[in-house]
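S.K.: Structure below; questions to follow.
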């Protein structure tokens, strides 16, 4: 328990500290998984490329272009996955945010259903 007697703030409750620790752990785990997948993919491509084209002195442009496309795809996709899932973790872990977004999604579903019902009738 953290003591903040000098500032007059309430100390963090043990449940709150555990909740925060779990959230930080989940976000850190997500970051680690995305970075580890990226590094494994790069190492795998390098090993595959060197193993399959080790004997050749002149490397075909198609192979180099394919590897460049795959690296570019991975380089931008994995950080985007992290960027999308990071707020999802925060929303799922915070009760007020979760209620707010469930309400937004509920309104959106009702709106979509009312729109499609009018379109079918018309």
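In this note's numbering, the protein residues as written are 250 to 371.
We put the CB at the ideal spot given by N, CA and C, even for glycine.
In angstroms, rounded to a whole number, what distance separates the CA positions of residue 287 and residue 343?
M.R.: 29 angstroms
S.K.: Would you tell me roughly how many angstroms separate the C-alpha atoms of residue 327 and residue 298, rounded to the nearest one?
M.R.: 21 angstroms
S.K.: Is it true that the CB of residue 340 sits closer than 9 angstroms to the CB of residue 331?
M.R.: no
S.K.: In angstroms, rounded to a whole number, what distance separates the CA positions of residue 272 and residue 334?
M.R.: Roughly 12 angstroms between the two C-alpha positions.
S.K.: Rounded to whole angstroms, what's the CA-CA distance from residue 345 to residue 319? Just pull it up for me.
M.R.: 40 angstroms
S.K.: Can you tell me which of 357, 336, 363, 323 puts its alpha carbon nearest to the alpha carbon of residue 279?
M.R.: 336
S.K.: Can you tell me the Cα-Cα spacing of residue 290 and residue 323, whole angstroms?
M.R.: 8 angstroms
S.K.: With a Cβ-Cβ cutoff of 9 angstroms, do residue 313 and residue 294 count as a contact?
M.R.: Between residue 313 and residue 294, the C-beta spacing is not below 9 angstroms.
S.K.: Taking the straight line between their C-alpha atoms, what separation do you get for residue 250 and residue 356?
M.R.: In this prediction, residue 250 scores a pLDDT of 46, lower than 50, which makes its location untrustworthy; no coordinate-derived value is stated.
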